[in-house]
Amino acid sequence: MNVLRTVVWLGGLLLLSPDSLAQVYPSTGTAWVLPGSWQDTVVDGSPVTAGQLKAWESQHADVVFGSMQDRAMNQKMKAMGYMYAHKFDCRPGKQEAWLSQQAFQSGADIEDAYLHFAQDTELLVDKPSRGLDYLLEGQPYHLLLIRNNQYSTARLPIKLQAGDQLILISSYPFDSLELNATAIPDFLRHAADESGNVGHWQPLAVSWHDNRGTGSQFGQFTLKQHWQSTFPRFEDRELNSGEPGLAAGLRVWMLALSWQQASRVESLSIVPWLELIRTEEQQALAIPGWDPVNDKNSDGYVDEREFATRANRKASARFRHQARLIPAGYLWPGTCWYRVNFLDGAINKLHAQWYQHDWQQQGLAGAYNDDMAKLLGSNQFKVLSGGKIQELPYVAGSQQAEYEYALQLAGFLQQVKSLTGTQWLAANISELNLWHYAPWPPELREVIDVWLREHYLTPAIGLGRLQRYWDNFALAGQHDKSLIMASTKGGRSQLSPSSPSAWQTDIETGLALYYLFNIPGQTYYHSWNQSYRYGSGHTDSNNWAKPGIAKNIAYQPTAMLGVDLGIPEPAPSGAELVVFNNKGKEADSAAAAIDGIPLEPSGWYWLQRSGWFGGFPNQGVIARRYSKGLVLYRGIRERNNTAFFAAEPLEVRLGDDYQQVNFDGSLGPPVKRVKLAGYQGVILKNVVAGKRNGK
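Quick note on numbering: the sequence shown equals residues -22 to -1, 1 to 673 in mature numbering (1 follows the signal peptide of the UniProt record, and there is no 0).
Laid out in structure tokens, this is it:
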């Protein structure tokens, strides 16, 4: 199997043969999803460097969902970077740091960028993400050791010499900490100057209380005046030892801890305000609510006196940031997110400018927004008590909150488009049919240009699901573009991961399924394994028959894509057209609309079928003609029925003479019949077209 048949190796350089320089491929556009982590590899016995692999990827796809991490490559390929407009990370990264810097310089309050609970709230948690540990354990954003005027990162536990100093750097204000050390240090807190840097350090009186059984002590201090954030800069020197967020401009809150004698510090943390409540039945995350009426002097902090006499006893947050919305039970592993507020004009302007800045830096044409259906609804927030949102008149997890928030997100994304001029604003919606999803307003559908259909097609997809997939042609009907991913999930290769033929058949079937949906100029093909873990690294024994192959080389059927099928054509005259089903409303594959929704006609027809129930057979072979070929898929109505993989091969008549396109790009002998196994797709080249084009 020569997966690099269009590549010429000459003097260690990677060159393309002339016939591969078309669009990249003759009959469809192609794409990569989140490439990166390139590694040296071996292809057909020849060593390939990470740089050559990256160059190969840049020459074998038209668009990128992610980044090639090379500005020139991104610009050439139309790269859509990654964005997640409706979340900020709990532990700030480059984006949050940039925004905090810009907010300070423009006079905006960065806290207005977040949604907050207006009352104490408990959220159901299925399995807590380790990313929550940053808040639940009160981890400092950064710890800096100053010894003999030299800065280095402090890693606990640590032995300190007399005169050493630790700088505790936090991404949020706080008024209590926990310390386990052999001696109590002197404390100072930063005071910001007019330029936003550390102007001086103020002595801080800390009251200590034993934390029984732990060997540590709780320290509580009172903020007698507003504690402003600062850039980690003092006397023209950066208080940093290589932390990227600090270098990117993050504004922080800092304490300086000084020891006059040698000491050992076992642990140092900020006392958390969040609580993970566990019972035999369930787990919940308790988040305090914020009500400004409790902050009588409006300094952003509810001190001891204000807390004891607060007007709203259902809101117990001491600082506003403690009430930020966290989709606690629905975080990706290792992550922690806050929900973004889209109602503040000043913050929206800065937020949009971040994307303009980031895209220009990376050479991106736009970006794709992930998890677009995971906003403020019940698929993100299961409220056990409380849940009222301060910025919205709704409870998190409610349909009203979800719909209103989607409208706000649409408005923000339109602001991004107006500022950047992009026509490549994309969204990942996987299999979601937007015309069936009530929480999604038309405004959100209309603002998107490109749709990422993650794991949209699988080998055992079945006829029932295919006949409900009219929404792809509806998106094309509104002149949008789509990446349609064909994955091997549930296929032969998942059952037999060490079988090369199983992987080959799954990928052949995936490409045939894709060609059923292909609309030249509007759709892009991507082939992947069963997982959601993307990248350009090596395969292993779980995701390819042979470990150590670069994933995109393994999964993209480069040679098959090089065979010119021409363009899709209508079904033959007199053919039985496939009928699409929209919740009881039907339209055949030649129709220009379904239930009033405009469609791009697909041209699907039945080459063979049986067990009819109305317009929907129990099993059959769907076909789609191309000007130079034909694509087929055999299925049953049910999907993921592993027994059907072993079904007796079905022989079908083709009418004209065709040659089957093999995995290595070669063409089989001319035939008028072809056999299809269960859940199998094939691609056929018209013999007359092949002769006309010299193939």
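The beta carbon of each residue, even a glycine, is placed where N, CA and C say it ideally should be.
Rounded straight-line distance, which links the Cα of residue j to that of residue i
| i | j | result |
| --- | --- | --- |
| residue 178 | residue 171 | 8 Å |
| residue 629 | residue 584 | 14 Å |
| residue 336 | residue 397 | 13 Å |
| residue 474 | residue 414 | 36 Å |
| residue 510 | residue 315 | 20 Å |
| residue 304 | residue 462 | 31 Å |
| residue 281 | residue 114 | 22 Å |
| residue 536 | residue 38 | 8 Å |
| residue 492 | residue 97 | 49 Å |
| residue 663 | residue 645 | 8 Å |
| residue 333 | residue 613 | 44 Å |
| residue 77 | residue 87 | 10 Å |
| residue 265 | residue 300 | 7 Å |
| residue 661 | residue 654 | 11 Å |
| residue 180 | residue 64 | 37 Å |
| residue 465 | residue 609 | 18 Å |
| residue 119 | residue 1 | 47 Å |
| residue 553 | residue 444 | 18 Å |
| residue 99 | residue 467 | 38 Å |
| residue 665 | residue 31 | 35 Å |
| residue 207 | residue 378 | 35 Å |
Backbone secondary structure at residue i - three-state DSSP
| i | result |
| --- | --- |
| residue 640 | coil |
| residue 272 | helix |
| residue 558 | strand |
| residue 635 | strand |
| residue 446 | coil |
| residue 250 | coil |
| residue 7 | strand |
| residue 61 | strand |
| residue 20 | strand |
| residue 541 | coil |
| residue 398 | helix |
| residue 345 | strand |
| residue 1 | coil |
| residue 201 | coil |
| residue 353 | coil |
| residue 665 | helix |
| residue 696 | Nothing about residue 696 can be reported from this structure: the residues present for the chain run from -22 to 673 only. |
| residue 72 | helix |
| residue 148 | strand |
| residue 432 | strand |
| residue 576 | strand |
| residue 192 | coil |
Neighbourhood of residue i by C-beta distance below 7 Å, restricted to the same chain and skipping five residues each side
| i | result |
| --- | --- |
| residue 219 | 122, 129, 130 and 131 |
| residue 236 | 143, 163 and 164 |
| residue 51 | 36 |
Cβ neighbours of residue i in the same chain (closer than 6 Å, five flanking residues each side left out)
| i | result |
| --- | --- |
| residue 576 | 455 |
| residue 565 | 558 and 572 |
| residue 136 | 243 |
| residue 400 | 344 |
| residue 631 | 651 |
| residue 276 | none |
| residue 548 | 581 |
| residue 151 | 205, 231 and 297 |
| residue 439 | 617 |
Rounded distance between the beta-carbons of residue j and residue i, thought under 8 Å
| i | j | result |
| --- | --- | --- |
| residue 483 | residue 597 | About 19 Å separates the two Cβ atoms, so there is no contact after all. |
| residue 249 | residue 116 | 6 Å |
| residue 261 | residue 254 | 6 Å |
| residue 91 | residue 319 | 6 Å |
| residue 352 | residue 308 | 7 Å |
| residue 60 | residue 44 | 6 Å |
| residue 89 | residue 283 | The Cβ separation is near 23 Å, so there is no contact. |
| residue 656 | residue 622 | 4 Å |
Cross-strand partners of residue i (DSSP beta bridge)
| i | result |
| --- | --- |
| residue 546 | 604 |
| residue 361 | 101 |
| residue 594 | 591 |
| residue 25 | 20 |
Nonlocal neighbours in the same chain, by C-beta distance under 8 Å from residue i, ignoring five residues either side
| i | result |
| --- | --- |
| residue 411 | 446 and 449 |
| residue 182 | 165, 166, 167, 199 and 233 |
| residue 289 | 269, 271 and 272 |
| residue 194 | 156, 157, 158, 244 and 245 |
| residue 375 | 354, 355, 356, 358, 359, 360, 361 and 365 |
| residue 3 | 539 and 540 |
Within-9 Å CB hit, residue i to chain B
| i | result |
| --- | --- |
| residue 260 | The question asks about chain B, but that chain is absent: this structure has only one protein chain. |
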